[in-house]
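Read top to bottom, the protein sequences are chains A and B. Numbering follows the numbering used here, with no gaps: position 19 of the first sequence is 19. Numbering follows the numbering used here, with no gaps: position 14 of the second sequence is 128.
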Amino acid sequence: DQQVKQNSPSLSVQEGRISILNCDYTNSMFDYFLWYKKYPAEGPTFLISISSIKDKNEDGRFTVFLNKSAKHLSLHIVPSQPGDSAVYFCAASSASGGSYIPTFGRGTSLIVHP
Amino acid sequence: GAGVSQSPSNKVTEKGKDVELRCDPISGHTALYWYRQSLGQGLEFLIYFQGNSAPDKSGLPSDRFSAERTGGSVSTLTIQRTQQEDSAVYLCASSLGFGRGNTEAFFGQGTRLTVV
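This is the structure:
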């Protein structure tokens with residue numbers, strides 16, 4: 001049973017348009033959410049995070065939206081660039097036992113074509 | 115180095131052999147995680163170390179898997195009597211630990227394990 005779900009395994013977007021990657025979670029105890037980006041043969045790199053006390057966090061071209069009632073978050077990339085082509089992982093964590101161990105989704109492969 | 119370093123980057127082993135995977139976390143990071151990614155799957159949590167606390171081993175898939183962290187720094191993940199289903203990329207990450215704002219984990223490049 002996956003606690004963090006990324007239901008779209010892949011997404012194709014034209015350069016300059018908006019990319020929207022979606023993530024759903026089932027554990028209502030999750031209170032911190034992160035997005036990671038992964039290129040082939042590399043480890044994931046941290047992209048952006050959001051605390052459950054917020055509903056939006058923005059960093060340059062990247063914005064994460066959190067809808068706690070729907071247990072849903074999304075990552076918006078505007079404008080999309082070919083260099084954004086990568087696998088994007090959504091992760092969620094909670095202070096279970098005092099430790100925040102991120103639980104990851106299966107990832108969405110984003111392809112931005114010129 | 116400045117980042118998380120894992121070795122070897124690739125490992126091919128015969129079924130039934132033991133393997134050891136090494137992780138050098140970022141200096142000063144008290145939290146260390148091991149994950150694995152099997153083909154077509156997400157990142158599966160294996161084990162978590164935080165400072166001198168007892169590790170969280172809840173993600174280890176079987177008793178063939180073990181890990182240790184010596185001196186609060188370098189960690190070794192050991193897989194005994196490897197099976198073909200152990201084939202995956204094993205990722206190590208570290209973070210400052212404690213508190214939500216310090217949990218952005220920095221990952222190494224991973225060790226690709228292939229059991230033949």
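Note that beta-carbon positions come from the ideal geometry of N, C-alpha and C, so glycine has one too. For clarity, every value in this text was computed on a predicted model and none was experimentally measured.
Return yes when the Cβ of residue j is within less than 8 Å of the Cβ of residue i, no when it is not.
i	j	result
A:L47	A:S85	no
B:L210	B:R150	no
A:F62	A:I77	yes
B:T225	B:S123	yes
B:T228	B:V133	no
A:L66	A:K54	yes
A:S80	A:S19	yes
B:A207	B:F221	yes
A:T103	A:K71	no
B:V118	B:V230	no
A:D24	A:K38	no
A:V87	A:L75	no
B:Q120	B:Q223	yes
Please report how far the alpha carbon of residue i lies from the alpha carbon of residue j, in whole angstroms.
i	j	result
A:N7	B:Q155	12 Å
B:L190	A:F89	First, the residue type needs correcting, since residue 190 of chain B is Thr and not Leu in the sequence shown. Rounded to whole angstroms, B:T190 to A:F89 spans 25 Å at the Cα level.
B:R136	B:R183	10 Å
A:L34	B:K131	37 Å
A:I101	A:Y36	14 Å
A:Q14	A:P114	6 Å
B:K171	B:A116	27 Å
B:S167	A:G16	48 Å
B:V188	A:A95	25 Å
A:T112	A:D59	Looking at the sequence provided, one finds Val at residue 112 of chain A rather than Thr. In a straight line, the C-alpha of A:V112 is about 19 Å away from that of A:D59.
B:G173	A:P82	36 Å
B:I160	B:A145	According to the sequence as given, residue 160 of chain B is Leu; it is not Ile. Straight-line Cα distance between these residues: approximately 14 Å.
A:V31	B:G185	It should be pointed out that residue 31 of chain A corresponds to Asp in this sequence rather than to Val. For A:D31 and B:G185, the distance between alpha carbons rounds to 31 Å.
A:Q3	A:K68	14 Å
B:F163	B:F179	15 Å
B:D138	A:L21	32 Å
A:P40	A:R106	15 Å
A:T45	B:L157	13 Å
Would you mind telling me which residues of chain A sit closer than 7 Å to residue i, beta carbon to beta carbon, in chain order?
i	result
B:G142	In chain order: nothing, as chain A lies at least about 17 Å away.
B:G266	Residue 266 of chain B lies beyond the range of chain B shown here (115 to 230); nothing can be said about it.
Against residue i, what residues of chain A qualify as contacts under a CB-to-CB distance less than 9 Å, listed in chain order?
i	result
B:F221	Y36, K38, E42, G43, P44, T45, F46
B:L135	Neighbours of B:L135 on chain A: none; closest Cβ ~13 Å, over 9 Å.
Applying a beta-carbon distance threshold of less than 8 Å, which residues of chain A neighbour residue i?
i	result
B:E218	L34, F46, S49
At a CB-CB cut-off below 9 Å, which residues of chain B make contact with residue i?
i	result
A:F89	G156, L157
Can you name the residues of chain B whose CB is closer than 8 Å to the CB of residue i?
i	result
A:I101	Y147, F159, Y162, D170
By the criterion of Cβ-Cβ separation under 7 Å, what are the contact partners of residue i in chain B?
i	result
A:G107	G156
A:F104	G156, L157
Would residue i be called buried (16 or more neighbouring beta carbons within 10 Å of its own) or exposed?
i	result
A:S12	exposed
B:E128	exposed
A:K56	exposed
A:D1	exposed
A:T108	buried
B:E233	Missing from the structure shown is residue 233 of chain B; chain B here goes from 115 to 230 and no further.
B:Q198	exposed
B:L153	exposed
Using a Cβ cut-off of 8 Å (strictly closer), state whether residue i contacts chain E.
i	result
B:R150	Here the protein chains are A and B, and chain E is not one of them.
ask   = Any residues in the region 188-206 of chain B with a beta carbon nearer than 7 Å to a beta carbon of chain A? Which ones, in chain order?
value = L205
request  = Output, in sequence order along the chain, the residues in the region 27-46 of chain A whose CB is closer than 9 Å to any CB in chain B.
outcome  = D31, Y32, L34, Y36, K38, A41, E42, G43, P44, T45, F46
message = Counting only Cβ-Cβ distances shorter than 7 Å, please list the residues of the region 162-177 of chain B near chain A, keeping chain order.
response = Y162, Q164, D170
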